Amino acid sequence: MIKIAIVGLGGAIGAMCRFLVYEGYINALKNTSLPLGTITVNVLGCFIIGFLGGIADTRQVFAPEVRLLIFTGFLGGFTTFSTFGFELFLYMRNGQIGLAVLNGLIQLSAGLIFVWIGFELSKAI
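Okay, so the sequence shown: first residue is 175 according to our numbering, each after it adds one.
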């Protein structure tokens, strides 16, 4: 039962952080074609999991509960694959195929690149 509470706590914190990122973009950039909030949380989440995953892999410094809190809870609540998929669907439904492809390419390629950058940086410290 404690594991569920740990994941729930991390998820709640991650979801609140995601909301703050989205609100920041909504207030700063009202007229943008790309979903910058979703892109930001997914790419930043990829960097964080790459960096902390690299540390966990090489140094094994995180207790199992901390891994649940950060990786499953926080990053699960912070990043959002379902929103990414829904935004792609909406672009395609509205005939904005170019934006759908651009959004997909940005998020998938940037996500992979930032996991790699985070992982490599974790080895440098």
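Just so it is clear, CB atoms sit at the ideal spot from N, CA and C, and this is done for glycine as well.
Please read these numbers as outputs of a predicted model, since none were measured by experiment.
By the 10 Å Cβ neighbour count, where 16 or more other Cβ atoms means buried, how is residue i classified, buried or exposed?
| i | result |
| --- | --- |
| I222 | buried |
| F258 | buried |
| Q281 | buried |
| L194 | exposed |
| E239 | exposed |
| V235 | exposed |
| F293 | buried |
Can you tell me whether residue i is helix, strand or coil according to DSSP?
| i | result |
| --- | --- |
| T254 | coil |
| S207 | coil |
| I299 | coil |
| M190 | helix |
| M175 | coil |
| N201 | helix |
| Q281 | helix |
| G272 | helix |
For the putative contact between residue i and residue j, defined by C-beta atoms under 8 Å, what is the C-beta separation to the nearest angstrom?
| i | j | result |
| --- | --- | --- |
| K177 | G228 | Rounded, the Cβ-Cβ distance is 24 Å, inconsistent with contact. |
| F225 | L295 | 6 Å |
| V289 | L242 | Going by Cβ atoms, the distance from V289 to L242 rounds to 20 Å, so no, they are not a contact pair. |
Self-check item: the segment 213-224 / the segment 252-266 touching (three or more Cβ pairs under 8 Å)
Solution: The segment 213-224 makes contact with the segment 252-266, as at least three CB pairs between them are under 8 Å.
Quiz prompt | Start-end ranges of the alpha helix (DSSP H) lying completely within the segment 211-244, minimum 4 residues | solution = As far as the segment 211-244 is concerned, its whole alpha helix (DSSP H) runs of at least 4 residues are 238-241.
Self-check item: Cβ contact check for the segment 199-209 and the segment 269-283: 3 or more pairs under 8 Å
Solution: Verdict: yes, contact present.
Quiz item: On the three-pair Cβ rule with 8 Å, is the segment 236-250 touching the segment 178-194?
Solution: With three or more CB-CB distances shorter than 8 Å, the segment 236-250 counts as touching the segment 178-194.
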